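In mature numbering (1 follows the signal peptide of the UniProt record, and there is no 0), the protein residues as written are -19 to -1, 1 to 415.
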């Protein structure tokens, strides 16, 4: 698999280019250059699952200050509710003027409802507008030689958050192998804490850690299957499904994980000092902003994820946090693009960085201005992991495969299927999707 380098805040990162598919790659031929480059006017509706309401309020306040003749209505919902609402509205030719999708499957699922933004960007910033973005970040919003949105933030996944204060209290070290993790988890539970807090009700969370396991076993086999060039029933991937299920059988995941969500069941467990480890990505750095009162008294860092059934530590994956897109049926596309641009590379991007403490998608080195001292060790460790062990992109490209993979992993977590059957289900979905 080709993995071009991307430099983020001094980190050598890697990802792959977007796959094709979908429709609506025609550029709009009636872009008003003056409108695209002028302050936005009229009304806009924005929908997403991210950021938080407080962060979005700050972004909107700044945008409306720069564009006093525009009014932005914001609707934020949990991720699954956001996806359902978009699907219903967009199929009816309605929906928000501007909205956020994930890269990979969600991007390709909804791309047919979005308008390419190249002409808007050129009218706003000139022919070389794309040079302001880190290429591999912008590539996640591209398909069929067109750009269908602008990236928001860059996140890293596939490692473990660790509360070193709890480990010190128990008298154990962070695990350096899976056998260490099993033994350490037993001691943690005996001391009255939970081991890894993992929201296994969330398909995206299960996929993140399955990919970590698969990358630790055979990264080439994983990405070949993701790109439709390999089989999900190959021995390395069956081993990865087995390793995923083994975590639950071996007690390294908290009891009842199959019914737990990341937000806010396991997030609260970790923030409140009930769990020694937390399964989540770099975007969890925002807990040092949003939950500093809870986590500020703990020594928190991140460590590589031990791969079940091996003595390996998993590499990490990386991807843009989201892609902000413009509805092809919007009556105010120029203003919608202005909001997207403001959030991706304008002053709104700095607000985003301050809220999530994540890594930039633009060539400008945007460093969070409000980086709490307590967040420093974890952010530095994430940078080191990304520099040393980034395997590739995070989001599954095919919507059908993503859905089947999520369902298979949920069944494995609940103990209602076996690894071979899980692999076959995902391969069937890949075959049906062509």
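From the three backbone atoms N, C-alpha and C, an ideal C-beta is built for every residue, glycine too. Computed from a predicted model, the values in this text were never measured in an experiment.
What does the Cβ neighbour count give for residue i, buried or exposed, with the cut at 16 atoms within 10 Å?
{"i": "residue 121", "result": "buried"}
{"i": "residue 398", "result": "buried"}
{"i": "residue 69", "result": "exposed"}
{"i": "residue 325", "result": "buried"}
{"i": "residue 112", "result": "exposed"}
{"i": "residue 75", "result": "exposed"}
{"i": "residue 245", "result": "exposed"}
{"i": "residue 56", "result": "exposed"}
{"i": "residue 223", "result": "buried"}
{"i": "residue 65", "result": "exposed"}
{"i": "residue -9", "result": "The predicted position of residue -9 is uncertain, since its pLDDT is 39 and thus under 50; no value can be drawn from it."}
{"i": "residue 428", "result": "What is shown of the chain runs -19 to 415, which leaves residue 428 out entirely."}
{"i": "residue 292", "result": "exposed"}
Let me know the secondary structure DSSP gives residue i once reduced to three states.
{"i": "residue 28", "result": "strand"}
{"i": "residue 347", "result": "coil"}
{"i": "residue 98", "result": "coil"}
{"i": "residue 142", "result": "strand"}
{"i": "residue 54", "result": "strand"}
{"i": "residue 224", "result": "helix"}
{"i": "residue 92", "result": "helix"}
{"i": "residue 131", "result": "strand"}
{"i": "residue 76", "result": "coil"}
{"i": "residue 214", "result": "coil"}
{"i": "residue 387", "result": "helix"}
{"i": "residue 233", "result": "coil"}
{"i": "residue 123", "result": "strand"}
{"i": "residue 136", "result": "strand"}
{"i": "residue 22", "result": "strand"}
{"i": "residue 382", "result": "helix"}
{"i": "residue 377", "result": "coil"}
{"i": "residue 306", "result": "strand"}
{"i": "residue 82", "result": "strand"}
For residue i, I'd like the list of residues in its chain whose CB is within less than 7 Å of its CB, leaving aside the five on either flank, ordered along the chain.
{"i": "residue 84", "result": "121, 300, 301, 304, 376"}
{"i": "residue 392", "result": "398, 403"}
{"i": "residue 40", "result": "324, 329, 332"}
{"i": "residue 118", "result": "-14, 132, 135, 301, 342"}
{"i": "residue 347", "result": "330, 331, 334, 341"}
Please go through the same chain and pick out, in chain order, the residues whose beta-carbon is closer than 8 Å to the beta-carbon of residue i, but skip the five residues on each side of it.
{"i": "residue 110", "result": "102, 103"}
{"i": "residue 242", "result": "180, 182, 183"}
{"i": "residue 130", "result": "82, 88, 95, 98, 122, 304, 305, 306, 307, 321"}
Rounded to whole angstroms, how far is the Cβ of residue i from the Cβ of residue j, which I believe are closer than 8 Å?
{"i": "residue 338", "j": "residue 269", "result": "7 Å"}
{"i": "residue 314", "j": "residue 307", "result": "5 Å"}
{"i": "residue 86", "j": "residue 383", "result": "4 Å"}
Spatial neighbours of residue i within its chain, please: CB distance less than 6 Å, with the 5 preceding and 5 following residues excluded, ordered by chain position.
{"i": "residue 407", "result": "213, 385, 386, 389"}
{"i": "residue 351", "result": "335"}
{"i": "residue 215", "result": "202"}
{"i": "residue 277", "result": "355"}
Quiz prompt | Uninterrupted alpha helix (DSSP H) stretches inside the stretch 157 to 202 (no shorter than 4 residues) | solution = Scanning the stretch 157 to 202 from its first residue to its last, the whole alpha helix (DSSP H) runs of 4-plus residues come out as 159 to 171.
Practice problem: Can you check the stretch 253 to 304 for any alpha helix (DSSP H) of at least 4 residues that lies completely inside it and give the ranges in chain order? | Solution: Counting only runs that start and end inside the stretch 253 to 304, the alpha helix (DSSP H) elements of at least 4 residues fall at 268 to 271, 273 to 276.
Quiz item: What are the uninterrupted segments assigned as alpha helix (DSSP H) that are 4 or more residues long and contained completely in the stretch 349 to 374, given in chain order?
Solution: Secondary structure within the stretch 349 to 374: the alpha helix (DSSP H) runs of 4 or more consecutive residues, fully enclosed, are 357 to 370 (chain order).
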